[in-house]
Amino acid sequence: MIIGDNKFRIPQIYCFDMSSKDGIQMLLGCNFLRSLNGGVRIEGNMITFYKEITPVYTTPDLEILAKQAAEEELNYDLYTSLQPEWAYKNIDVNPFLEKFQSLLQRLKNNGYIGDDPIKHWSKNQVTCKLDIINPDLTIQDKPLKHVTPLMQKQFKRHIEELLKLKVIKPSTSRHRTMAMIVNSGTSIDPVTGTEVKGKERMVFNYRSVNDNTYKDQYSLPGINTLLKKIGNSKIYSKFDLKSGFHQVAMHPDSIEWTAFISPTGLYEWLVMPFGLKNAPAVFQQKMDKCFANCTDFLVVYIDDILIFSNTEAEHKKHLEAFLKIVEQEGLILSANKMKIAEKQIEFLGAVIGNNKIKLQPHIIK
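For the sequence shown, UniProt numbering begins at 1 and goes up steadily by one.
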């Protein structure tokens, strides 16, 4: 079965009378999920298949989202007699990706691909130290005036998750920045006109802290410069760091300035939070140092990494070099944002491939 650019083996085929008028192109059953030794998660237009942690982005405008490789005519009365091997026939599995499965699995087993952003921080030990303008200033944001029972549950869930990861701790700081719950990517359904909420996030208004911090002068790379560097390469792999900023620890002298107030209490960050004005510069400097010897085949913009090559043999060497650095520097990759050995790929708002670089439609709009 092919969905987008991803291929899956189906353990058994069942035939049913389905009309295209029903708007159904395919049914996936429990036998398919069991064959993955995992499951399926659906978030908006993204479907993630586990065990291999393969995200598939669906496109509502397309009438057909999936197709079956090598379709064959089947007698309805015979579907129960089909053997599991039938579905494997003529399925072209990516041999390039298969070569890296054992390596990727080892990285997952050792936590270099996973959910704990600070599991291997000791290998790099980069910290974020705030250059404070007035150390005598006290940050005193007002707490939220009205907290609904739903908001209370939302804050509790986020705080408990961060405490479990050991990236925050209860605070006795004299400072307090207000925490808020937002839904990023909220949109209006064009058919029903109802609000469709995006991903729930807890965010922090560090404006007062930022106003009292000298700016880090380290520059981010220009996006156009990075895209031109990729040139007319032929094969690409893309990686994203798991909670990238959280892979930088806060300097002990700066932890108290990150304190935030929520309905569940006062907490402070042990890692670099989102919202600090120097966070992008600190993180970019860390990444540039990690990959200083890979600039011929790798570009990195904050926590987005693209590896580009002209041939598969070249790409294999580049991937091996990249993954070796990941281990050496203790970086943690996101499992569900990985794309390996693609001929066309989306990166920094552009679609790259087939000797072309063009803007994604939503960027043009």
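Where is the CB? At the ideal position from N, CA and C, for every residue including glycine.
Between which two residues does the beta strand (DSSP E) containing residue i stretch?
i	result
S184	T177 to S184
R106	Segment Q101 to N109 is the alpha helix (DSSP H) holding R106; no beta strand (DSSP E) there.
D304	D304 to S309
I132	Looking at the DSSP string, I132 is not in any beta strand (DSSP E), and its letter there is neither H nor E.
R201	K199 to F204
D240	I235 to D240
F291	First-last for F291: undefined, no H or E at that position.
F260	F260 to S262
L298	L298 to Y301
For residue i, which residues of its own chain have a beta-carbon under 7 Å away from its beta-carbon, when the five flanking residues on both sides are left out?
i	result
Y214	D131 and I133
Quick check: residue i and residue j, are their CB atoms within less than 7 Å of each other?
i	j	result
L298	I113	no
I340	A350	no
R201	S184	yes
K129	S208	no
N212	K277	no
I302	F322	no
R176	A259	yes
P117	S243	yes
What does DSSP give as the partner residues of residue i in its beta bridges?
i	result
Q344	G353
T127	A249
Q328	For Q328, which the question treats as bridged, DSSP gives no partner whatsoever.
Y267	P170 and F260
K337	DSSP lists no partner for K337.
With residue i as the anchor, note down where its alpha helix (DSSP H) starts and where it stops.
i	result
I223	I223 to I230
E161	P149 to L165
S208	R207 to D211
Among residues of its own chain, excluding the 5 on either side of residue i, which ones have a beta-carbon nearer than 6 Å to its beta-carbon?
i	result
F155	S262, P263 and T264
M287	V300
F274	F245
Q344	G353
H318	F297, I307 and S309
E52	At E52, the pLDDT of 48 sits below 50, so the modelled position is not reliable; the number obtained from the coordinates is stated separately. So the list is empty, once near-sequence residues are dropped.
Please list, in chain order, all residues of the same chain as residue i whose beta carbon is under 8 Å from its beta carbon, the five residues on each side excluded.
i	result
L331	Y112, H120, N124, L241, Q247, C290 and I325
Given the structure, does residue i come close to the ligand NAP, in the sense that its CB is under 6 Å from one of the ligand's heavy atoms?
i	result
S208	Inclusion of the ligand NAP in the displayed structure is not the case, the ligand content being empty and no account of it being possible.
Would you say the region 155-171 touches the region 265-272, given that touching needs at least three Cβ pairs under 8 Å? The region 155-171 and the region 265-272 touch, with no fewer than 3 CB-CB distances between them shorter than 8 Å.
Counting Cβ pairs closer than 8 Å, one from the region 231-241 and one from the region 140-154, do we hit at least three? The region 231-241, when compared against the region 140-154, does not touch it at the 8 Å Cβ threshold.
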